[in-house]
Amino acid sequence: MGNVIDRPGHRLPRRVLGPCLLVLGLTCAASGAWAQVEAVSAEAVSAETVLLHTRVSETLPSETVPSEARTGQAATVEGTGSESPAEVGVEVEEPPAPEAAPGSSPAPTALATPFEAYVRAASQPLTHGSDLLSFYEAFGFRQAWADQARVEALTSALEGLDADGLVVADYSTAALLAAYRDPIDVTSLGESTSEVARWRFELAATQRLVLALRHLYLGKVDPVRTDAEWEIPLPDFAPDWAAIASAVANGDPAAALEQVRPHQTAYRQLRQGLARYRTLQAAGGWIPLASLTGVLRPGDRALEVIALRRRLAALGDLELLMPDLTPTASASGLGATQDAVPEPGLASGSSADQIYDARLVAAVERFQHEHLLEVDGVVGPRTWTALSVSVAERVDQIRLNLERLRWLSHALPERYVLVDIAGYEVSYVRPGQPTWQSRVVVGRPYRRTPTLRSAITHMTFHPTWTVPPTILREDVLPAVRRDPFYLVRHDMRVLDRQGWPLDPWQVDWWRPGPIKIQQRAGPSNPLGDVVIRFPNRHLVYLHDTPSRSLFDRAQRSFSSGCIRVEGVLELVQLLFEDDRASPDEPDGAARLSRALQRTDTHNVRLRVPVPVFLFYSTVQPAADGRLIFRPDVYERDATVLAALVEKGGENLFDAP
4 MGNVIDRPGH RLPRRVLGPC LLVLGLTCAA SGAWAQVEAV SAEAVSAETV LLHTRVSETL
64 PSETVPSEAR TGQAATVEGT GSESPAEVGV EVEEPPAPEA APGSSPAPTA LATPFEAYVR
124 AASQPLTHGS DLLSFYEAFG FRQAWADQAR VEALTSALEG LDADGLVVAD YSTAALLAAY
184 RDPIDVTSLG ESTSEVARWR FELAATQRLV LALRHLYLGK VDPVRTDAEW EIPLPDFAPD
244 WAAIASAVAN GDPAAALEQV RPHQTAYRQL RQGLARYRTL QAAGGWIPLA SLTGVLRPGD
304 RALEVIALRR RLAALGDLEL LMPDLTPTAS ASGLGATQDA VPEPGLASGS SADQIYDARL
364 VAAVERFQHE HLLEVDGVVG PRTWTALSVS VAERVDQIRL NLERLRWLSH ALPERYVLVD
424 IAGYEVSYVR PGQPTWQSRV VVGRPYRRTP TLRSAITHMT FHPTWTVPPT ILREDVLPAV
484 RRDPFYLVRH DMRVLDRQGW PLDPWQVDWW RPGPIKIQQR AGPSNPLGDV VIRFPNRHLV
544 YLHDTPSRSL FDRAQRSFSS GCIRVEGVLE LVQLLFEDDR ASPDEPDGAA RLSRALQRTD
604 THNVRLRVPV PVFLFYSTVQ PAADGRLIFR PDVYERDATV LAALVEKGGE NLFDAP
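For the sequence shown, our numbering begins at 4 and goes up steadily by one.
Structure (structure tokens):
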């Protein structure tokens with residue numbers, strides 16, 4: 004009863020035959036028809052066929068077989084009193100191994116274990132199946148989730164991804180634990196199917212790990228879904244599989260996830276900020292503010308001041324619950340004698356609570372700075388609107404910006420220029436050097452600065468300005484039609500398609516045809532003294548500007564898409580300095596001075612192009628870790644959040 008007789012003298016144990024039948028059914032399993040394989044009778048398959056399809060050998064040296072694989076093989080022959088596969092004297096001439104198709108995973112070797120054969124076949128039709136193979140290759144094709152402690156550690160690590168703003172439901176942790184704890188009915192399923200169920204669980208658990216690794220490494224959401232003009236290529240998913248396998252082997256899947264978690268300080272500070280705001284949310288957040296009539300100025304007395312005091316105290320300025328009663332902080336004409344100070348933490352609504360005192364003004368100015376508002380201490384409609392945003396909305400804003408950082412973090416090289424579009428800043432990051440930062444002006448909401456990656460190749464000194472097609476169509480042509488002397492006053496000339504000058508008085512400005520308008524270099528040129536150029540289809544660049552006053556504004560979306568940089572010559576000098584091939588060459592300052600001394604329009608190329616990123620983010624940590632919330636000037640946050648909270652991910656346990 005324990006053996007199947009294929010022909011006299013050749014017998015195979017059921018426990019060996021079961022996994023062999025599994026491999027025969029892998030194609031069916033990949034197409035969702037596993038049940039058809041389970042119904043195949045073991046007695047119907049010959050020993051030769053079994054050996055051809057499993058290619059299992061017991062002649063492997065023990066040190067080359069992973070311990071858990073050896074254990075699994077031993078279990079197939081012990082306790083039956085039957086021969087092992089090595090004792091079955093069947094010699095079969097095997098056909099030559101087929102060549103692997105380009106891009107496909109390697110075929111199992113002649114010494115592959117049944118579990119390896121299962122993993123290789125079952126992973127092929129799965130999304131990210133190659134990642135599953137990479138993990139198991141690093142893990143020696145052993146079973147990673149054979150004991151409960153390791154499975155529980157995995158579920159705990161996956162649930163911890165909530166701290167990264169990810170959706171824990173994507174990883175089906177409850178189903179994972181339930182599947183592990185559910186006893187397998189070997190009586191009704193048969194012994195080989197019982198082993199298949201364990202392997203199926205194994206692969207499903209690893210799928211969850213791989214999905215989480217990819218979410219941390221690349222982000223969950225495809226950025227193109229949220230920004231049709233997104234042009235920052237995501238890097239290849241290339242984690243250190245050996246380190247990940249080692250962490251899992253040590254029973255620490257959380258350490259495996261840490262291998263791919265973005266390492267930038269900004270990401271760590273956003274995670275900490277998310278924890279703080281969730282603590283506020285758990286404590287009840289803050290009461291929504293009523294509408295504000297008029298404005299609040301320092302020294303004013305109003306009932307709205309009580310709500311303002313409590314709102315800012317909820318963010319951590321607890322000392323605001325005790326009014327500042329010094330004479331200099333009181334309202335005009337109130338003097339030094341005020342109502343009694345309420346007990347700390349009460350903000351009782353007394354007359355003193357209603358005074359917009361100096362301590363509260365300082366807190367409002369901090370708030371304005373942290374929300375890119377004009378820092379004047381005056382509470383008007385914009386400041387009141389920002390104060391009225393709920394803690395739940397701030398939690399979501401932090402979560403979606405963690406996702407944005409995941410899109411970018413593994414794409415950043417050691418040296419790069421980063422334009423923070425929503426933060427109106429530019430940074431030049433240099434290894435081993437302080438980061439250079441400055442203020443910028445970016446595109447208006449209807450002429451957005453694009454999100455892209457490129458590389459700075461050269462600078463144009465004393466540039467002319469060729470009017471971009473959109474500005475020509477929407478701004479310059481209407482101006483010329485209204486004022487025939489517009490071109491003269493702005494030192495502009497008209498060119499044909501080949502760049503030859505045209506007489507502007509001979510152009511039909513209602514039907515001008517394919518013309519160009521170019522402004523000569525000079526003090527009125529909007530590009531100033533220099534343009535920093537990098538290839539892109541939007542024809543945007545970083546440049547100088549004669550309009551310096553706009554840099555003093557808190558929100559600076561005033562351009563037509565290009566980026567005006569405050570102190571741009573400092574950036575150019577640093578780029579030149581870092582481009583020196585040897586210390587004997589002129590330094591950055593000398594190279595810049597020589598370029599500026601020339602009066603003609605000319606280009607100066609960099610020897611090594613410098614990566615540049617134009618990136619959009621609406622939350623950024625300050626140096627002290629406090630979060631700076633920016634207005635969503637391009638209205639992109641809602642789309643990112645909607646995609647982030649969608650149920651996503653593929654798991655074997657989710658299959659019908």
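Even for Gly, the Cβ is constructed at its ideal location relative to N, Cα and C.
Buried or exposed by the 16-neighbour rule on C-beta atoms within 10 Å, applied to residue i
i, result
"Lys-650", "exposed"
"Asp-134", "buried"
"Arg-601", "exposed"
"Pro-301", "buried"
"Arg-184", "exposed"
"Val-611", "exposed"
"Pro-434", "exposed"
Cα-Cα separation, residue i to residue j
i, j, result
"Leu-24", "Thr-130", "Reliability fails at Leu-24, whose pLDDT of 45 lies under 50, so the model's placement of it is uncertain and no value is given."
"Val-213", "Gly-525", "57 Å"
"Leu-306", "Arg-314", "13 Å"
"Phe-616", "Pro-624", "19 Å"
"Leu-311", "Ala-208", "50 Å"
"Ser-49", "Leu-180", "With a pLDDT of 32 at Ser-49, under the threshold of 50, the modelled position of that residue is not reliable, and no figure is offered here."
"Gly-84", "Phe-118", "Low confidence applies to Gly-84: its pLDDT is 38, below 50, so where it sits in the model is not reliable, and the reading given next is rough at best. Between Gly-84 and Phe-118, the C-alpha separation is close to 23 Å."
"Ile-518", "Ala-293", "55 Å"
"Ala-365", "Glu-155", "49 Å"
"Phe-374", "Trp-387", "Here residue 374 turns out to be His, not Phe, going by the sequence shown. C-alpha separation (whole angstroms): 11 Å."
"Val-429", "Gly-570", "11 Å"
"Leu-490", "Pro-448", "27 Å"
"Val-422", "Ala-200", "51 Å"
"Arg-123", "Ala-258", "26 Å"
"Ala-626", "Ala-248", "36 Å"
"Leu-475", "Pro-549", "20 Å"
7 Å CB neighbourhood of residue i in its chain, flanking five on each side removed
i, result
"Asp-230", "Thr-454 and Arg-639"
"Ala-278", "Ala-166"
"Ala-646", "Val-224, Arg-228 and Thr-229"
"Val-445", "Ile-424, Tyr-427, Thr-452, Arg-559, Ser-560, Ser-562 and Ile-566"
"Gly-380", "Pro-301, Val-364, Val-367 and Glu-368"
Proximity of residue i and residue j at Cβ, strictly below 9 Å
i, j, result
"Val-643", "Ile-631", "no"
"Asn-528", "Glu-234", "no"
"Tyr-427", "Ser-620", "no"
"Leu-157", "Trp-148", "yes"
"Leu-530", "His-546", "yes"
"Ala-458", "Leu-237", "no"
"Arg-514", "Pro-504", "no"
"Phe-618", "Leu-405", "no"
"Met-462", "Ala-598", "yes"
"Glu-377", "Arg-385", "yes"
"Pro-614", "Pro-416", "yes"
"Val-308", "Gln-357", "yes"
"Asp-635", "Ala-425", "yes"
"Val-607", "Phe-579", "yes"
"Leu-273", "Ala-215", "no"
"Val-483", "Trp-512", "yes"
"Arg-485", "Pro-226", "no"
"Leu-219", "Val-263", "yes"
"Leu-260", "Gly-383", "no"
"Leu-283", "Val-392", "no"
"Pro-256", "Arg-409", "no"
"Trp-468", "Gln-522", "yes"
Residues near residue i by beta carbon distance below 8 Å, same chain, minus five either side
i, result
"Val-648", "Val-170"
"His-605", "Thr-463, Phe-464, His-465 and Ala-598"
Minimum C-alpha distance to residue i - residue among the options
i, options, result
"Arg-281", "His-541, Ser-596, Glu-396 and Gly-516", "Glu-396"
"Thr-460", "Leu-609, Leu-161 and Val-432", "Leu-609"
"Val-251", "Tyr-139, Asp-239, Arg-201 and Ala-286", "Tyr-139"
"Asp-499", "His-493, Pro-507 and Glu-373", "Pro-507"
"Leu-553", "Ile-566, Val-543 and Tyr-544", "Ile-566"
"Ser-159", "Ala-141, Arg-211 and Gly-276", "Arg-211"
"Tyr-431", "Leu-572, His-266, Phe-144 and Ala-286", "Leu-572"
"Ile-520", "Thr-473, Trp-387 and Ile-535", "Thr-473"
"Arg-451", "His-605, Asp-399, Val-543 and Val-122", "Val-543"
"Ala-246", "Phe-142, Asp-627 and Arg-304", "Phe-142"
"Gln-576", "Ala-584, Ala-557 and Ser-596", "Ser-596"
"Arg-629", "Phe-144, Ala-241, Gly-319 and Gly-168", "Gly-319"
Same chain, Cβ closer than 6 Å to residue i, neighbours up to 5 away in sequence not counted
i, result
"Pro-586", "none"
"Gln-267", "Ser-412"
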